[in-house]
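Chains as they are written, first to last, in the working numbering: chain A, 2 to 545; chain B, 636 to 815.
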Amino acid sequence: MSDLPKNDELFSKLDHRPSGGGDWMDTPIDIRPGMYCYTANPKSMETLSAPNARKWNPMEEDWLLPDNWQEIIHEGLKDRLERFRSLKIFMDICVRCGACSDKCHYFIGTGDPKNMPVLRAELLRSVYRNDFTTAGKIFGRVAGARPMTLEVLKEWWYYFFQCSECRRCSIFCPYGIDTAEITILGRELLNLLGLNIDWIATPVSNCYQTGNHLGIQPHAFKDMLEFFVEDIEDITGVNVMPNFNKKGADILFITPSGDVFADPGTYTCMGYLMLFHFLKEKYGLDVTWSTYASEGGNFGFFTSHETMKRLNAKMYAEAKRLGVKWIIGGECGHMWRVIHQYMDTMNGPADHLEAPVNPITGTKFENAASTKMVHIAEFTADLIKHGKLDLDPSRNDNLRLTFHDSCNPSRGMGLLEEPRYVIRNVAKHFYDMPANTIRENTFCCGSGSGLNAGEDMELRMAGGLPRANAVKHMNQKYDVNMLACVCAIDRAALPDLMSYWDTGADVIGVHELVGNALILPGEKERETDLRGEDLPGREEEADE
Amino acid sequence: MRLEKLIAKHKKQILNQWFEVLTGTYPSDTARFLKANPDSFTNPVGGTARRSMETLLEALIKNAPPEELTPLLDPLIRIRAVQTMFTPSQATAFILDLKSILHTNLANKINDPQDRLEMQAIEKRIDRLLLIAFDIFVRCREKIYHLKATEEQSKIYRAFARAGLVRENIDDQPETGTSK
């Protein structure tokens, strides 16, 4: 009883007005549950030889940092300013015009001004000015500089893990500052002190040891795919058993492991299996899966450049070992940013592979000529364009679709038309969301860049509000009941988002739609879709 | 009735002041954005708030029952329930502020006892609206906890269970039900 507050104490604290604004430098950090992810498991950190592996709690005062942590940050920043010219430029050229300030979904949803991209960058920039610019050294705060303190470090950690590196802000910056790059390097600096989150560190550790985020061993990976094969045989009467680790196959297929292990991505995975079987039967195309390069995603990207490189290397290594001609990549988000913008210079050139040409259509995939890796949406769009697939779009008649442009394929590689082209050819009812919420302007799912955990659900729901709001509008205006996407994180994150915001829409991968519509050679008359639900027009027969 | 008509007549002014109070609960940079951007797709908080508040005021005037008020208030409270900068009371207090806004706008027009009675009746409706907000807020928080609790199971566990890679059959799981 003695712990209970007295009445007058209670009333003195009752204030229905939150504390007001003031200068951002004077606004103290307020770390709140629901807005951050649990900290990295020390065991996972040790696997990666990451520094300062220990258990720590962001809600406690002492973060168990090394004594010379300020020196480590200073030297780390100095080193990166020298190595990454982009960072130096991004630190110097911002004029604080504010064009980016209201473009971040986390700012829009949470209402926290420190989630304005300009302010989030300013958290790092203020320390840069203090440590590395003459004006900052002389004029201090007047020049927007401040010394690195524990408070500042905590602010970095809290807000650099409230950015999904989606780059929506970057397209509005008149100077072309890529704030995602600032977050990326901010997180890299935090990692020097062992300040990572577990939703990133453990998948990275698993990926490093067993090849995928969940740490699933090769035999279990094969078991899952074989289970899908059985399911597909029940639905279609056709056995679509794929090749595993086949040397001398034409193409290696790599997809995020979320497609193999997490609903509803698993249905997308069934779509891939059916497509490759169709191509083998009709055109003799030989595609193989690898149980070792069993992860397309790369959470190393959210840790450091070096970690990203380490995890990415297995793709080329496996392609070389198997002696394939080139690689097709599945529906994924950040995987494509890594492939399109980093892989070639990080682990390339992959001279042991051929510049990708679709042997069925003769199409040269020019944009992949160097990386040797083609996005499956582009590959399938090319097949459809040349009339190479047998499709029955009426099997998707019960779906009224819209399409969520995933941040990385849209802004990171310009994949805008291909998924839409595929959807329009495998389903009849498709409606695009309002223009300022799609394509290059697309709003993030709110859970990218390793933030798709359970404990930060409030952050994810607030950050996903602009996306969910647009979907809800489509539901009210066009009865849209399904949100298509080409990203495994989306498929994992968006169902929760759709549910919380009550949008009336479920989530589907584009190749699940393809799998439903694709007519396999020798298939029986289908009664259900890949989810085991009655096909449109079949419901009454099933009831009888 | 007379008072209800007066409110309808001053609706625009009352709504503007009410919206101002709501945006005033946010830090000043955020408040500026919420007020300045009229596009409900790039400013869903501001857009939802304006829509909710306008329809709620109309519903209050015509003494709509709770089942009509709930869907109008839900979208706005749903947002405030995940904006962790607010305590539950801070998230919902803007509803009570409508009382003082009505007083400020109508004080010199309330002359006879009948007007005062009408005002009391409207204030009672606002109190009831606050109770509805309390219900919605708690429901949203429960939904968040439900999502947190079932996150892993509903995705990865289900996929493994379907494949027979875990011992328990997913069909044997107790029905947890879902809250909206």
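A virtual CB, placed ideally from N, CA and C, is assigned to each residue, including glycine.
Helix, strand or coil, according to DSSP, for residue i in the structure here?
i	result
Asn348 of chain A	coil
Ile94 of chain A	helix
Lys373 of chain A	coil
Gly510 of chain A	strand
Thr134 of chain A	coil
Phe277 of chain A	helix
Phe721 of chain B	coil
Val472 of chain A	helix
Cys486 of chain A	strand
Ile255 of chain A	strand
Asn244 of chain A	strand
Leu392 of chain A	strand
Leu416 of chain A	coil
Asp530 of chain A	coil
Lys365 of chain A	strand
Trp64 of chain A	coil
Thr40 of chain A	strand
His405 of chain A	strand
Asp457 of chain A	coil
Leu400 of chain A	coil
Ile439 of chain A	coil
Thr289 of chain A	strand
Ile767 of chain B	helix
What is the rounded straight-line gap between the Cα of residue i and the Cα of residue j?
i	j	result
Gly728 of chain B	Gly331 of chain A	Note that residue 728 of chain B is Ala in the sequence shown, not Gly. Ala728 of chain B and Gly331 of chain A: Cα-Cα distance of roughly 48 angstroms.
Trp144 of chain A	Ala716 of chain B	In the sequence on display, residue 144 of chain A carries Ala and not Trp. Rounded to whole angstroms, Ala144 of chain A to Ala716 of chain B spans 38 angstroms at the Cα level.
Gln755 of chain B	Asn476 of chain A	40 angstroms
Ile509 of chain A	Leu402 of chain A	9 angstroms
Asn740 of chain B	Ile642 of chain B	9 angstroms
Pro537 of chain A	Lys326 of chain A	40 angstroms
Cys105 of chain A	Gly137 of chain A	28 angstroms
Ala489 of chain A	Glu639 of chain B	53 angstroms
Asn601 of chain A	Asn246 of chain A	Beyond the ends of chain A as shown, which are 2 and 545, falls residue 601 of chain A; an answer cannot be given.
Arg55 of chain A	Leu65 of chain A	8 angstroms
Gly363 of chain A	Gly388 of chain A	13 angstroms
Asp224 of chain A	Trp290 of chain A	13 angstroms
Ala181 of chain A	Ala122 of chain A	9 angstroms
Ala221 of chain A	Phe228 of chain A	10 angstroms
Glu786 of chain B	Glu777 of chain B	14 angstroms
Ala454 of chain A	Glu166 of chain A	16 angstroms
Val472 of chain A	Asp491 of chain A	14 angstroms
Gly516 of chain A	Gly523 of chain A	15 angstroms
Trp653 of chain B	Glu156 of chain A	33 angstroms
Pro59 of chain A	Leu191 of chain A	13 angstroms
Report the CB separation of residue i from residue j in whole angstroms; it is logged as a contact under 8 angstroms.
i	j	result
Cys445 of chain A	Arg468 of chain A	7 angstroms
Gly298 of chain A	Met336 of chain A	5 angstroms
Glu32 of chain A	Tyr159 of chain A	The question names Glu, but residue 32 of chain A is Ile in the sequence shown. Yes, Ile32 of chain A and Tyr159 of chain A are in contact; Cβ-Cβ is about 6 angstroms, under 8 angstroms.
Leu731 of chain B	Ile757 of chain B	That pair is no contact at about 13 angstroms.
Asp398 of chain A	Lys429 of chain A	6 angstroms
Tyr284 of chain A	Ile385 of chain A	Going by Cβ atoms, the distance from Tyr284 of chain A to Ile385 of chain A rounds to 14 angstroms, so no, they are not a contact pair.
Leu466 of chain A	Ala485 of chain A	Actually they are not in contact, since the Cβ atoms of Leu466 of chain A and Ala485 of chain A sit about 20 angstroms apart, beyond 8 angstroms.
Glu189 of chain A	Leu253 of chain A	Contact flag wrong, Cβ pair sits at about 30 angstroms.
Gln718 of chain B	Ala463 of chain A	6 angstroms
Of the residues the options, which one's Cα is nearest the Cα of residue i?
i	options	result
Leu691 of chain B	B:Arg776, B:Asp664 and B:Leu711	B:Leu711
Ile255 of chain A	A:Asp179, A:Ala370, A:Pro219 and A:Met316	A:Met316
Met149 of chain A	A:Arg86, A:Lys389 and A:Asn69	A:Asn69
Arg456 of chain A	A:Thr28, A:Tyr37, A:Gly23 and A:Asp24	Per the sequence presented here, residue 456 of chain A reads as Glu, with Arg not at that position. Among A:Thr28, A:Tyr37, A:Gly23 and A:Asp24, the Cα nearest to that of Glu456 of chain A is on A:Tyr37.
Pro496 of chain A	A:Glu61, A:Ala489 and A:Asp507	A:Asp507
Arg421 of chain A	A:Lys478, A:Arg440 and A:Leu452	A:Arg440
Thr660 of chain B	A:Asp383, A:Gly77, A:Gly112 and A:Glu47	A:Gly112
Gly99 of chain A	B:Gln749, B:Phe654 and B:Asp664	B:Asp664
Pro357 of chain A	A:Arg84, A:Ile340 and A:Ile328	A:Ile328
Thr405 of chain A	A:Ser395, A:Arg84 and A:Phe431	According to the sequence displayed, residue 405 of chain A carries His and not Thr. His405 of chain A has its Cα closest to that of A:Phe431, out of A:Ser395, A:Arg84 and A:Phe431.
Ile201 of chain A	A:Asp179, A:Leu312 and A:Leu82	A:Leu312
Leu531 of chain A	A:Gly266, A:Tyr343, A:Gly259 and A:Arg188	A:Gly266
Thr40 of chain A	A:Glu61, A:Phe380 and A:Thr28	A:Glu61
Cys333 of chain A	A:Ala370, A:Met434, A:Phe173 and A:Ala494	A:Ala494
List the residues of chain E that residue i touches, going by C-beta distances under 9 angstroms, in chain order.
i	result
Tyr501 of chain A	Looking for chain E here will not work: the only protein chains present are A and B.
Taking 8 angstroms as the cut-off, does the stretch 349 to 356 of chain A touch the stretch 502 to 522 of chain A (at least 3 CB pairs, one atom from each stretch)?
no
Three or more C-beta pairs below 8 angstroms linking the stretch 372 to 389 of chain A and the stretch 406 to 419 of chain A:
yes
Contact the stretch 191 to 210 of chain A vs the stretch 231 to 250 of chain A: 3+ CB pairs below 8 angstroms
no
Three or more C-beta pairs closer than 8 angstroms, one from the stretch 115 to 123 of chain A and one from the stretch 73 to 90 of chain A: is that the case here?
no
Please confirm if the stretch 302 to 316 of chain A is in contact with the stretch 258 to 273 of chain A, defined as three or more CB-CB distances below 8 angstroms between the two stretches.
no
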